[in-house]
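Protein chains: 2
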Amino acid sequence: MPEEKLRRQQSGRANASPTLEDVAQRAGVSTATVSRCLNAPERVSEATRKQVLEAVNLLGYAPNFGARALAAKRTDTFGAIIPTMENAIFARGLQAFQEELEQNGITLLVSSSSYSPQLEEKQIRALIARGADALLLIGHDRTPQSYALLESKGIPHVIAWSIDHSIPRTSIGFDNRKAMRMLAEEILKLGHRELAVISAPQDGNDRARERCQGVIDALIQYDLNPADLPIIETPYSISNGADAFQTLFQSRNRPTAVLCGNDVLAAGALSRARELGLRVPEDISITGFDDIEIAQIVSPGLTTVHVPHRKMGMHAARLLVAMRNGEYGETPAESLELPATITWRDSLGPVALRETKDLPQDR
Amino acid sequence: MPEEKLRRQQSGRANASPTLEDVAQRAGVSTATVSRCLNAPERVSEATRKQVLEAVNLLGYAPNFGARALAAKRTDTFGAIIPTMENAIFARGLQAFQEELEQNGITLLVSSSSYSPQLEEKQIRALIARGADALLLIGHDRTPQSYALLESKGIPHVIAWSIDHSIPRTSIGFDNRKAMRMLAEEILKLGHRELAVISAPQDGNDRARERCQGVIDALIQYDLNPADLPIIETPYSISNGADAFQTLFQSRNRPTAVLCGNDVLAAGALSRARELGLRVPEDISITGFDDIEIAQIVSPGLTTVHVPHRKMGMHAARLLVAMRNGEYGETPAESLELPATITWRDSLGPVALRETKDLPQDR
DNA sequence: TGAAATAATGTAAGCGCTTACATTTACGGC
DNA sequence: GCCGTAAATGTAAGCGCTTACATTATTTCA
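Residue numbers (my numbering), protein chains in the order written: chain A, 1 to 363; chain B, 1001 to 1363.
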């Protein structure tokens, strides 16, 4: 036994964590036996196991994760990098993801990138360094280095909240563009012709981009000019949604329907609309995207695109576990598209036959 | 050089991560130099440093965290265990916490305990095993084993979102009881005498318990019988808040004011009230707690207790960093109490002079 | 110019664990 | 009782990194 270690044990520093060796000594067995006892109990006799467990409890032993990972070359840890924890967009999906992982004895490490590809790259690096066996990522926009990193380390990963069949990369989610187009068509069907959108910054956010593209698709289908579509980009937050709404409302071409890139923005828009004395949907229609909890508590309830959060999370977890276990060999697993549907509430109505001057003016 | 390693390098498995040694070899220096280059650049000459960095980039080297932690005995990683990520209660505080840590080059690991002390104990163990240098915990209720663990490993930790001067343990937060009492007094001052509360389950949640106690305190001050106070316990969620509200509303002693244990519950109560055809606050008053974003977007806006989320997070981080750096020696750092205030919006009003039969009945 | 001081680098011993392989023990069957 | 087999346990070699200590190169100054 090394001297330093010996000294430590003699002086009995209570503070330092006991090691496998301490346990072994206490139980009167070798470290190998203790290790087996913890990782493959069936390979150890009843009697010894009892002894070892006793020693473990007595000493309050907890294995050192780093050492274990180092030796075993696998951590049973997955990582997830989401753009933000601030609002609930990803919370439910992540929860499902984590529950499914837990079933498989896997721990989840979460970090958030604040919608910045650079930051995300850093996080990927950090998670890999920490030994993440596999990664959950949101959307397709990231630095080439990020992909290179993933590739070169051979880290299984799936991309959620977005899907792109043209890319040979397993993703699991829904078609943002199609979903938003569907909603936009409903709006057009209700007679609206003056649309506007409040979106998250499109740069580095393929979901936002796709959603905008979706309304453009619908516009084109109705022979309207996409160039006329006002799009305000602003980070997801209630107050930003409110401000953007006001800008739109005060502009020359006041829209009759405002499509928001997500429910948080829409909630902001809605409350500002109310503050401005507007009735929704009689005076103006507002829609969201995501169908998170706040969509149903604002009033009027938000008509929005329902995203299969939990399903995405669960499937992503299963896929990732399978990939980690090598069930797909070298070929990437197939992507999985889940349907997004419209949840009808009350914030969207038919366009009003009205004189613009009936509306409250703000000058 | 060990054989296995040699073989690997010869066969050139591109997949495995390059190690310090690979970099060293490539740069033609020793591993020690590479290590220093990364951890204490000033101790290496300009020229070598350049060479090494080049090799690092070329190889896409990223240090193995576990190995580093094992050798250096510190991880620059803090952990935080919050009860839930599902709603936004802890999001803002956590964000501030994390921002402050980042300033100090510390990475944050987050996990959630679902309000279960048992689960929390597991998480503490996991975080410690992962080498967390320090921990942020919420509230005082946890298993004795959890505390024992923290104690025996000598892990610096602070408790946030709650404060208890009677316990020799550093906490940083506000006085839940006092805050709720303050709110309840305002309600009583407005003439309400029939109060009710919708709380989170009090077991294992000292914040919930303290808040309930706070309204009891106020009741006593007004010579009212606390035994008459209906308290419904239900997990934080909008729909639970709604259901609880309905139960209360349908009970014999219909309250004139409902105090909710947090804003999420209150938002649910509010929306159900509206569904039941009640006007808030004319027919019934509803209050929240936390002052998270949804408090201002529901209508009417929620009168609620404003909790200094960001301040708590930031101070907790600073304190923890100081503790980790040994600035407090053996004595625990002092607790810090921050003030909680009332944010007045529109969901609380004076008690109505009214006949009960004027209200919509639900039978 | 040379010795002492200083800066730069190298050597190698661990950190706490897992696991291939070696060794010991237990158990039947004849 | 002896031997073969299987089960239980032990031995020890790393995993990739940091760092105390040793060594070598460079600088400084009398």
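Quick reminder that beta carbons are idealized off the backbone N, C-alpha and C, glycines included.
Opposing strand residues paired with residue i [DSSP bridges]
{"i": "ALA1196(B)", "result": "VAL1258(B)"}
{"i": "GLY1066(B)", "result": "BP columns for GLY1066(B) are empty, so no partner."}
{"i": "GLU108(A)", "result": "According to the sequence shown, residue 108(A) is Leu rather than Glu. Its beta-bridge partners are PHE78(A)."}
{"i": "LEU1229(B)", "result": "According to DSSP, which records beta bridges pairwise, LEU1229(B) is partnered with nothing at all."}
{"i": "LEU336(A)", "result": "ILE172(A)"}
{"i": "ILE342(A)", "result": "VAL305(A)"}
{"i": "ASP1290(B)", "result": "HIS1306(B)"}
Partner residues on chain A for residue i, Cβ-Cβ distance less than 7 angstroms
{"i": "ASN1262(B)", "result": "Those within 7 angstroms of ASN1262(B) in chain A number zero; the least Cβ separation is about 14 angstroms."}
{"i": "ARG1274(B)", "result": "SER299"}
{"i": "SER1271(B)", "result": "ILE297"}
Neighbouring residues, chain A, relative to residue i (Cβ below 9 angstroms)
{"i": "PRO1063(B)", "result": "ALA129"}
{"i": "ILE1238(B)", "result": "GLU293, ILE294, GLN296, ILE297"}
Start-to-end residues for the alpha helix (DSSP H) that takes in residue i
{"i": "ILE124(A)", "result": "117 to 129"}
{"i": "HIS1315(B)", "result": "1309 to 1324"}
{"i": "GLU46(A)", "result": "46 to 59"}
{"i": "GLU210(A)", "result": "206 to 221"}
{"i": "GLY1173(B)", "result": "Premise fails: GLY1173(B) lies in the beta strand (DSSP E), 1171 to 1173, not in any alpha helix (DSSP H)."}
{"i": "THR31(A)", "result": "31 to 39"}
{"i": "ILE238(A)", "result": "238 to 250"}
{"i": "ALA1267(B)", "result": "1263 to 1275"}
{"i": "ARG92(A)", "result": "91 to 103"}
{"i": "GLU1086(B)", "result": "Segment: none, GLU1086(B) is in no alpha helix (DSSP H) and carries neither H nor E."}
{"i": "LEU20(A)", "result": "20 to 27"}
{"i": "SER152(A)", "result": "144 to 153"}
Span of the beta strand (DSSP E), counted from its first residue to its last, around residue i
{"i": "ALA134(A)", "result": "134 to 138"}
{"i": "PRO160(A)", "result": "Position check: residue 160(A) holds Ala in this sequence, whereas Pro was assumed. 157 to 160 is the extent of the beta strand (DSSP E) around ALA160(A)."}
{"i": "ILE1294(B)", "result": "Where ILE1294(B) is concerned, there is no enclosing beta strand (DSSP E), although the alpha helix (DSSP H) it sits in stretches over 1294 to 1297."}
{"i": "SER285(A)", "result": "285 to 287"}
8 angstroms Cβ cut-off: residues of chain A touching residue i
{"i": "GLN1095(B)", "result": "MET85, GLU86"}
Within 8 angstroms, strictly: CB atoms of residue i and residue j
{"i": "ASP1243(B)", "j": "LEU1302(B)", "result": "no"}
{"i": "LEU1137(B)", "j": "HIS1157(B)", "result": "yes"}
{"i": "ALA40(A)", "j": "VAL34(A)", "result": "no"}
{"i": "GLN95(A)", "j": "SER111(A)", "result": "no"}
{"i": "THR1234(B)", "j": "ALA1266(B)", "result": "no"}
{"i": "LEU108(A)", "j": "PHE78(A)", "result": "yes"}
{"i": "PHE90(A)", "j": "ALA317(A)", "result": "no"}
{"i": "ILE155(A)", "j": "ILE172(A)", "result": "no"}
{"i": "PRO1255(B)", "j": "LEU1195(B)", "result": "yes"}
{"i": "GLY131(A)", "j": "MET180(A)", "result": "no"}
{"i": "PRO230(A)", "j": "LEU248(A)", "result": "yes"}
{"i": "PRO308(A)", "j": "PRO281(A)", "result": "no"}
{"i": "ASP67(A)", "j": "LEU1020(B)", "result": "Residue 67(A) is actually Ala in this sequence, not Asp. Cβ atoms of ALA67(A) and LEU1020(B): not closer than 8 angstroms."}
{"i": "LEU101(A)", "j": "PRO63(A)", "result": "no"}
Under 8 angstroms by beta carbon: chain B residues contacting residue i
{"i": "ARG279(A)", "result": "Ordered by position in chain B, no residue passes the 8 angstroms Cβ test against ARG279(A), which lies about 13 angstroms from the chain."}
{"i": "ALA244(A)", "result": "Chain B residues near ALA244(A): none, gap ~15 angstroms exceeds 8 angstroms."}
{"i": "ALA257(A)", "result": "In chain order: nothing, as chain B lies at least about 20 angstroms away."}
Residues that residue i contacts on chain B, provided the C-beta gap is smaller than 7 angstroms
{"i": "ALA91(A)", "result": "MET1085, GLU1086"}
{"i": "SER17(A)", "result": "LYS1153"}
{"i": "THR107(A)", "result": "ALA1126"}
Contacts that residue i makes with chain B (C-beta to C-beta distance below 9 angstroms)
{"i": "GLY60(A)", "result": "GLN1145, ALA1148, LEU1149, SER1152, LYS1153"}
{"i": "ALA267(A)", "result": "GLU1293, ILE1294, ILE1297"}
Positions along the stretch 1065 to 1081 of chain B whose CB lies within less than 7 angstroms of some CB in chain A: PHE1065, GLY1066, ALA1067, ALA1069, LEU1070
Interface residues of the stretch 110 to 130 of chain A facing chain B [CB-CB below 7 angstroms]: VAL110, ARG125, ALA126, ILE128, ALA129, ARG130
Chain B contacts from the stretch 287 to 318 of chain A (Cβ-Cβ distance under 8 angstroms): GLU293, ILE294, GLN296, ILE297, VAL298, SER299
Residues in the stretch 1190 to 1217 of chain B having any Cβ partner in chain A nearer than 9 angstroms: none
Near-chain A residues of the stretch 1148 to 1161 of chain B (beta-carbon distance less than 9 angstroms), N- to C-terminal order: ALA1148, LEU1149, SER1152, LYS1153, GLY1154
Contacting positions in the stretch 1019 to 1046 of chain B - beta carbon closer than 9 angstroms to chain A: none
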